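What follows is one structure encoded as structure tokens, with my remarks underneath.
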Ligand SMILES: [Zn+2]
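In the working numbering, the protein residues as written are 335 to 1025.
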């Protein structure tokens, strides 16, 4: 999911910071008018005015705060950060333990899309394997379509003014036509977006299997919480279909059944398995979905297959269906229905899209070890100009992430334009059909980055959005810097970073449904991404960080890591106690404020060396980077590790000056999120010094 809402309405101060997260700003600009349903000009004007006022108020507050440091090392470095050590399931080293287990959900689904009534009816056959040590007396499933019922908890908790996840129209949710378990009618109860199926015989642990068969029907909402829905275009409706079949809740060693309801902001926590599914749709439509199409000969025309074969060998974009094809009714079979058959292996979900209106292009993806995949984009004629590079963006994103992190396992990567502003599913993403240029790049690379978090690394998105959104935003920054010589890499510029450290804000660990809209963007996306950037560029260095981060991904690929597994794994591989950092950055809302306090010379003589005093005024601590410029014209950069702050808020270090120090600047490249930069610079003029 790409974040939008009004989060930038609440910056408290304007600062320069690492450039690599500002790149999402244009996306906000793009999506804002859609979300807020207001004129962009009005909004931007108000936002900048509001930002300026808040900036003024905050800088006054910041200067008032300078009198006294509020830093307490005993608080930041308090012992017992880890409440528990490792166990047989999850080791203290941050990897799955020898007794780690995970349940499995293989699924076969047949579905029919009725375009006259905008309904989907289907049968999901789920083979659920209980690898836990526990016998299970009942099973919990997720019925996400029930979010669109008028009596849903999500409807009840939607603000009057609406918002991104609000429903435009209500549906009946799932109409359950039949529920069977092991071939017999099941005893089940639904509660909002969940369903509990009682088992007559307990499902034994360590490998017991239960077969569920659920016959369902639902009406496709026009706007489905910005994750699915349909868009009317001049050449036909575009259906983007996610959360469309009943899925197992995760049963794990941490909480047992994970049954948080689907309220809108919180995304998904899902089991892995192989999924085969068929979609019956009117013959004139093109259907794309997660995984690999199994029966191209039955559903694609000869021309389409020939062009696809060419695309599979081409680094350049090849058109599969042009605008004139879309306008030509002869270009597709005209009568009856066709059955599209897909298979997606080792996946936590599948999604699909269907339309008569799709123009379609594709190109080859070059994967590590000589493997190949296919990048493809499907969009209406109205998006042709905007989306002409969508496949190029898709191809580069997949190639970059597969090389940096972990192989791409879904072979095909499909980018579908439609109503949804930005949403990820395994091997397929939905992006706004109006998106273009830089915004389309950002949305595309973001949504495909999700193929690694959470599609490969299967964390609990509903509780810990930062484990997918934040990690993804971080790799998006690396990918953006790499794409086409940095075409969309935004240079450092002033922007509101401190909304991430808003004193009224929550913290990264606050679950998404408890976050206020304006804080979710900060705490799920930017702040965790900045945190990883700090770890990589300042605290650990690139080698140690990259190795630790990749190790985490490989250890937990297709598994269910918790935040603690991530923290443990990073510390163990990087060889650094980072509890102080996790505490300040993830569990608290501590802000950083480093300052230069003063410069003295030994015996009053610059040639003998200088004693430079720095101060930590905020509650967070980070290493110090100081650029020291002498009157002889030389500038030296001194780096001090974070441990200088372990015994108090001030630290004096010796610098071998050869001439008078003219200037000391902390964090000269703006790598740290310093809340008050006014006190970072010390300048000497005409024998007097000022800060
Ligand atoms: Zn996202």
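From the three backbone atoms N, C-alpha and C, an ideal C-beta is built for every residue, glycine too.
If you're wondering where the values come from, they're calculated on a predicted model, not measured in any experiment.
Between residue 486 and the set 570, 598, 472 and 457, the nearest pair of CA atoms involves 598. Here the alpha carbon of residue 704 sits roughly 16 Å from the alpha carbon of residue 697. In this structure, ligand 1 has a non-hydrogen atom nearer than 8 Å to the beta-carbon of residue 802. The closest CA to that of residue 623, considering only 611, 632 and 582, is found on 611. Counting along the chain, the unbroken beta strand (DSSP E) around residue 615 starts and ends at 607-616. Distance from the CA of residue 670 to the CA of residue 691, rounded to the nearest whole angstrom, comes to 17 Å. Per DSSP, the continuous alpha helix (DSSP H) segment holding residue 907 begins and ends at 897-908. In this structure the segment 581-600 does not lie against the segment 621-636, because fewer than three pairs of beta carbons, one per stretch, are closer than 8 Å.
Counting only residues of its own chain and dropping the five nearest sequence neighbours on each side, residue 895 has a CB closer than 7 Å to the CB of 791 and 793.
Look at residue 769 here: in three-state DSSP terms it is coil, with no helix or strand label. Exclusion of residue 732 from the 8 Å shell around ligand 1 follows from its C-beta lying no nearer than that to any non-hydrogen atom of the ligand. Beta-bridge analysis with DSSP links residue 441 to 460 and 609. Runs of beta strand (DSSP E) with 3 or more residues, each lying fully within the segment 701-749, are found at 706-713, listed in chain order. DSSP places residue 985 in the uninterrupted beta strand (DSSP E) bounded by 984-989. For the pair residue 680 and residue 607, the Cα-to-Cα distance works out to about 5 Å.
In the structure shown, residue 683 adopts coil according to DSSP, grouped into three states. Where residue 788 is concerned, there is no enclosing beta strand (DSSP E), because DSSP gives it neither an H nor an E. Ligand 1 never approaches residue 820 closely enough for any of its heavy atoms to be under 8 Å from the residue's Cβ. Taking 9 Å as the cut-off, the beta carbon of residue 685 is found no closer than this to the beta carbon of residue 721.
Residue 966 counts as exposed, since fewer than 16 other C-beta atoms from the protein chains shown sit within 10 angstroms of its C-beta. One alpha carbon belongs to residue 478, the other to residue 523, and they sit about 15 Å apart. Under the three-pair Cβ rule at 8 Å, the segment 765-783 does not count as touching the segment 918-927. With a threshold of 16 other beta carbon atoms within 10 Å, residue 641 meets it and is buried. A distance below 9 Å separates the beta carbons of residue 550 and residue 458. When 888, 431 and 665 are compared, the shortest CA-CA separation from residue 419 is found for 431.
Rounded to whole angstroms, the gap between the alpha carbons of residue 583 and residue 446 is 24 Å. Taking the C-beta atoms as reference points, residue 956 is found nearer than 9 Å to residue 926. In the DSSP assignment, residue 657 falls within the alpha helix (DSSP H) that extends over 657-661. With a cut-off of 8 Å, the C-beta of residue 335 is classified as near ligand 1, since at least one heavy atom of the ligand falls inside that distance.
Judged by DSSP secondary structure, residue 913 falls within the alpha helix (DSSP H) whose first and last residues are 913-916. Exclusion of the five residues before and after residue 465 leaves 435, 436, 437, 438, 539, 540 and 541 as the residues of its chain whose Cβ lies within less than 8 Å of its Cβ. By the C-beta density criterion, residue 517 is exposed, having fewer than 16 other C-beta atoms within 10 angstroms. In this structure, the beta-carbon distance from residue 991 to residue 962 falls below 9 Å.
For residue 508, the three-state secondary structure derived from DSSP is coil. Rounded to whole angstroms, the gap between the alpha carbons of residue 489 and residue 712 is 32 Å. Taking a C-beta distance under 9 Å as the contact criterion, residue 545 and residue 461 qualify as a contact pair.
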